[in-house]
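Numbered according to this note's numbering, the sequence shown spans residues 7 to 96. By construction, the Cβ of each residue, glycine as well, lies at the ideal position given by its N, Cα and C atoms. Accompanying notes for the structure given below.
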Amino acid sequence: MSTVYELRVGGHLDPHWSAHLGGLTVCHERDGTSTLTGPLVDQAALHGVLAGLRDLGASILLVRALPDGCEEVGDASSARSDRVGPPWNG
7 MSTVYELRVG GHLDPHWSAH LGGLTVCHER DGTSTLTGPL VDQAALHGVL
57 AGLRDLGASI LLVRALPDGC EEVGDASSAR SDRVGPPWNG
């Protein structure tokens, strides 16, 4: 059983990094950050994504596991400027 994670990093990640970061969906935020979301099969997969972000030099601002059945991320004040990467169909 996989867990859905939300990660936020400083800056806008290029869309092609989604494939190298566990297939997580990358959303560019208006505040200049990027949110990555999607399911990861285990903690090892999460650590792999974190290592990939480290290798990119990304500043990790947030890592959290989302509640079961939660597909929507962020709070009501978070406004997405655009979405990149494959859609996730939980």
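**Message:** Taking the alpha-carbon of glycine 58 as reference, which of Met7, Thr9, Ser24, Val10 has the nearest alpha-carbon?
**Reply:** The count along the sequence shown starts at 1 and reaches residue 58 at position 52. It is Ser24 whose Cα lies nearest to the Cα of glycine 58.
Checklist entry - Going straight from the alpha carbon of alanine 71 to that of arginine 36, what length do you get? => result For the purposes of this step, residue 71 is taken as the residue at position 65 of the sequence shown. For the purposes of this step, residue 36 is taken as the residue at position 30 of the sequence shown. If you take the alpha carbons of alanine 71 and arginine 36, they lie about 23 angstroms apart.
- prompt: Any idea what DSSP makes of alanine 82, helix, strand or coil?
  reply: Against the sequence shown, residue 82 aligns to sequence position 76. Reliability of the predicted coordinates at alanine 82 is poor, the pLDDT of 36 falling under 50, and the value obtained from them is presented with this limitation in mind. Three-state result, alanine 82: coil.
According to DSSP, residues forming a beta bridge with serine 24 = Looking up residue 24 in the sequence shown gives position 18. Per DSSP, none; premise fails for serine 24.
Ignore the nearest five residues each way along the sequence and tell me which others in alanine 64's own chain have a CB closer than 6 angstroms to its CB. Taking the first residue of the sequence shown as position 1, residue 64 is located at position 58. For alanine 64, where only same-chain residues beyond five positions count, the Cβ hits under 6 angstroms are Val15.
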